[in-house]
Amino acid sequence: MSELALTLLRFGFLALLWCFVLITVSALRRDLQAPDTAAIATAPMRTGRKPARSGRIRPRNLVVTQGSLQGTVLPLGSAPVTIGRAADNTLVVDDDYASSHHARLYQTEGRWIVEDVGSTNGTWIERNRITGPTLLEPGAPLRVGRTIFELRK
82 MSELALTLLR FGFLALLWCF VLITVSALRR DLQAPDTAAI ATAPMRTGRK
132 PARSGRIRPR NLVVTQGSLQ GTVLPLGSAP VTIGRAADNT LVVDDDYASS
182 HHARLYQTEG RWIVEDVGST NGTWIERNRI TGPTLLEPGA PLRVGRTIFE
232 LRK
């Protein structure tokens with residue numbers, strides 16, 4: 082092989098390597114950026130499920146129905162509930178598929194809203210992945226990783 086061909090191959094390989102590094106860094110940056118709270122606040126709410134009965138049920142508890150904390154009952158107040166693996170969450174789950182800070186549940190006008198706070202595997206109501214603040218109806222299964230929760234009276 083001529084000297085020119087070897088030099089061109091080296092520069093081509095170097096350029097390809099730099100393209101890979103830049104693509105990887107940009108993907109990491111996108112994953113590490115926090116979600117834009119202004120976009121979340123203005124996103125339309127979607128309903129997870131229609132209530133089973135007519136009349137408004139006011140849930141008072143968040144119950145773990147499946148997962149390592151099955152049977153755990155968390156009384157709900159007016160403060161938001163954060164769910165994740167980190168110790169600073171309101172409800173700390175021992176779930177390899179949950180993120181450190183996975184989801185947030187808060188009350189607005191007497192209704193409970195759930196939002197994903199940048200998790201890797203997503204937050205699900207029934208079989209629908211949520212992408213913004215979503216109304217959580219009592220009895221609708223909320224999945225964070227492999228752990229399932231329900232709002233109950």
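Residue numbers (the numbering used here): 82 to 234. All residues carry an ideal CB built from backbone N, CA and C; glycine is no exception. Source: prediction; values computed, not measured.
Could you pull out every unbroken beta strand (DSSP E) segment of at least 3 residues lying fully inside the segment 140–178, listed in chain order?
-> 142–147, 154–156 and 162–165
Reduced DSSP category for Arg233 - H, G, I as helix; E, B as strand; rest coil | strand
List the DSSP bridge partners of Trp193.
-> BP columns for Trp193 point to Gln188.
Closer than 8 Å by C-beta to Ala167: which residues in its own chain qualify, once you throw out the five before and the five after it? Chain order, please.
-> Val173, Ser181 and His182
Contacting residues, own chain, Cβ-Cβ under 7 Å from Gly148 (five flanking each side not counted) | Val174, Asp176, Arg227, Thr228 and Ile229
C-alpha gap between Thr163 and Arg111, whole angstroms | 23 Å
Residues that Ile206 bridges to, as DSSP identifies them = Asn209 and Leu223
Roughly how many angstroms lie between the CA atoms of Ile104 and Leu98, to the nearest whole one?
-> 10 Å
Quick one: what's got a C-beta closer than 7 Å to Gly152's C-beta in the same chain, skipping five residues either side?
-> Val145
Glu190 versus Thr212, Gly220, Ser159 and Asp169, residue with shortest Cα-Cα distance | Ser159
What is the residue span of the alpha helix (DSSP H) that Ser83 lies within?
-> That residue, Ser83, is in no alpha helix (DSSP H); it is neither H nor E in DSSP.
What does a CB cutoff of less than 8 Å around Lys234 pick up in its chain, not counting 5 residues either side in sequence?
-> Once the five neighbours on either side are set aside, the close Cβ partners of Lys234 are Ile138, Arg139, Pro140, Arg141, Asn142 and Pro219.
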